Amino acid sequence: MTLMLQSAEAGGEFEIVPNTRTDDDQHFADVGKILAGDRSRVVVVPREPRALVIFRGCNSIHRVTPVEGQRQRLMSVFVYEDQPGIGGDAKVNETVYGIPIAEQAMAAPSTV
36 MTLMLQSAEA GGEFEIVPNT RTDDDQHFAD VGKILAGDRS RVVVVPREPR
86 ALVIFRGCNS IHRVTPVEGQ RQRLMSVFVY EDQPGIGGDA KVNETVYGIP
136 IAEQAMAAPS TV
């Protein structure tokens, strides 16, 4: 589930191929076609600030097109697990979401 907080000036479009995989079948042939450039099943989901999108990302290939312009695209990402205490791997999270906000704050020049 994602919540758009701020859209980019341009780009930053959310693209998804719904139900690419299932829990029982990874559909490698279909995934290969998509990764090779087959866009016949790609859906572009229009999003404005305050838009909430619920989808099962593990079963649907999805991406965001490159962001253009000075205004950043800001999203809140919610992930739910069926068991308590499960968290994302720190390296995977950094790859997907970028540098953790605490590290960004420490690296920023002081305004005091």
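Numbering-wise, the sequence shown is residues 36 to 147 according to our numbering. Glycine included, each C-beta is placed from N, C-alpha and C at the ideal position. These numbers come from a predicted model, not from an experiment.
Chain-order list of residues whose beta-carbon lies under 8 angstroms from that of residue i (same chain, five-residue window excluded)
i, result
"Y115", "M36"
"Q41", "P84, R106, Q107, R108, L109"
"H62", "T55, R56"
Collapsed DSSP secondary structure at residue i in the structure displayed
i, result
"A43", "coil"
"D65", "helix"
Cβ neighbours of residue i in the same chain (closer than 7 angstroms, five flanking residues each side left out)
i, result
"I89", "M36"
"S95", "I51, V52, P53, N54, T55"
"G47", "V99, T100, V102, R108"
Close Cβ partners of residue i (< 6 angstroms) along its chain, the five nearest in sequence each way excluded
i, result
"L87", "L38"
"V112", "T37"
Residues that DSSP places opposite residue i in a beta bridge
i, result
"L38", "L87, S111"
"I51", "V78, H97"
Distance cut-off 7 angstroms: residue i Cβ against heavy atoms of the ligand HEM
i, result
"L87", "The ligand content of the structure shown is nil, which means the ligand HEM is not present either."
Cβ distance (whole Å) where residue i is taken to contact residue j below 8 angstroms
i, j, result
"G20", "A45", "The displayed coordinates of the chain run from 36 to 147. Any statement about residue 20 would go beyond what the structure contains."
"V80", "F49", "5 angstroms"
Enumerated in chain order, which unbroken segments of the alpha helix (DSSP H) with a length of 4 residues or greater are wholly contained in the stretch 77–147?
-> 125–132, 136–142
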